[in-house]
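Novice: Counting from 38, one number per residue, gives the positions in the sequence shown under the numbering used here.
Where is the CB? At the ideal position from N, CA and C, for every residue including glycine.
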Amino acid sequence: MPGTRDSVVEDPTVIVPRPELDTIRSETAADREDRSETGGVLIGRRLDDERLFCFAATRPGPNAEHHRAEFSPDVDHAQSILDDYRTEYDVVWIGTWHKHPGEMNRLSDGDVTQMRDFVRDPETVDEIVAIVTTYVDGVVKLNPFYMDQTFEWRRIGVEFVDGVGEYESELRRDDGVEEPNWEGAGDPRGDDSGPKSSDPGASRDDRNDRLSRLNDALDRFFGRR
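1) Please say whether residue 179 and residue 168 have beta carbons closer to each other than 7 Å?
2) When burial is assigned at 16 or more other CB atoms within 10 Å of the CB, is residue 67 buried or exposed?
3) DSSP state of residue 162, grouped into three classes?
4) Comparing C-alpha positions only, which one of 195, 146, 121 and 140 sits nearest to residue 210?
5) Would the region 82-94 count as touching the region 44-58 if we require 3 or more Cβ pairs under 8 Å?
6) Hey, which unbroken runs of the alpha helix (DSSP H) at 4 residues or more fall wholly within the region 74-151?
7) Return the Cβ separation of residue 134 and residue 77 in integer angstroms, given the expectation that the two are a contact with Cβ distance under 8 Å.
8) DSSP three-state call for residue 53: helix, strand or coil?
9) Less than 6 Å between C-beta atoms, sequence neighbours within five positions excluded: which residues of the same chain meet that for residue 188?
10) So the alpha helix (DSSP H) residue 207 belongs to, where does it begin and stop?
11) On the DSSP bridge list, what partners appear for residue 196?
12) Considering residue 177, what are the terminal residues of the beta strand (DSSP E) in which it resides?
13) Can you list, in chain order, the residues of its chain with a C-beta nearer than 6 Å to that of residue 65? Leave out the 5 residues immediately preceding and following it.
14) Alpha carbon to alpha carbon, how far is residue 60 from residue 97? Give it in angstroms, no decimals.
15) Taking just the CA atoms, how far does residue 49 sit from residue 86?
16) So is residue 82 buried or exposed if we call it buried at 16+ other beta carbons inside 10 Å?
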């Protein structure tokens with residue numbers, strides 16, 4: 038399925054700290070006898086019109102499902118990492134990374150369809166990054182793609198930086214900022230204006246609801262359904 042390099046808005050560059058690059062590389066190159074696929078979730082936020090920052094790239098997690106042509110991450114593991122980071126940083130789920138077989142350094146038709154499902158769904162995100170990795174002759178390569186409300190995919194640029202460093206002040210949560218639902222934080226259409234409950238049971242229910250939504254969204258992306 039062809040994409041287009043034309044877009045209503047300027048396509049962003051995704052900025053990846055080297056520790057997260059190392060995570061993606063090491064997991065992609067991991068020796069699996071059955072050559073099953075792998076991947077993880079990208080956590081970060083848009084900094085401005087030109088930049089998306091990848092604060093963290095998760096590993097698959099202990100309960101991930103690895104198959105030869107299909108992969109599903111451990112969503113509870115990914116959500117726990119996101120919850121931990123959000124206590125200090127204004128970050129959300131921005132996309133996924135996953136390994137493709139051989140030298141397939143492009144999006145599959147299924148990838149494109151699932152990305153469109155994401156940006157079309159008001160419960161998830163307005164834009165998504167998908168990093169496709171390959172491992173050939175001992176070399177891991179990253180191929181970043183992007184989709185927004187145009188519903189067309191584009192290859193985008195990637196910039197590697199030493200760490201969070203100079204971006205930390207932009208990412209750190211201001212004191213007193215209340216915790217919104219993950220999908221509301223990533224989507225301006227979300228409504229976080231309602232009152233927040235201090236009931237621990239309600240907090241657990243809220244987290245379970247977020248986990249269920251993230252699980253459903255990632256299920257759709259990774260083709261588990």
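Specialist: By the coordinates alone:
1) Cβ distance < 7 Å, so residue 168 and residue 179 count as in contact.
2) Around the beta-carbon of residue 67, fewer than 16 other beta-carbon atoms lie within 10 Å, marking it exposed.
3) If DSSP states are grouped into helix, strand and coil, residue 162 belongs with coil.
4) Of the listed residues, the one whose Cα sits closest to residue 210 is 121.
5) Verdict: yes, contact present.
6) Correct list: 112-123.
7) Their Cβ separation, rounded to whole angstroms, is 6 Å, which keeps residue 134 and residue 77 in contact under 8 Å.
8) Looking at residue 53 - three-state DSSP - the assignment turns out to be strand.
9) Contacts found: 153.
10) 205-208 is the extent of the alpha helix (DSSP H) around residue 207.
11) As a beta-bridge residue in DSSP terms, residue 196 pairs with 52.
12) Residues 176-184.
13) Excluding positions up to five away in sequence, the list reads 136, 170, 172 and 177.
14) Spanning the two alpha carbons is a distance of roughly 11 Å.
15) Computed Cα separation, rounded: 7 Å.
16) Label assigned to residue 82: buried.
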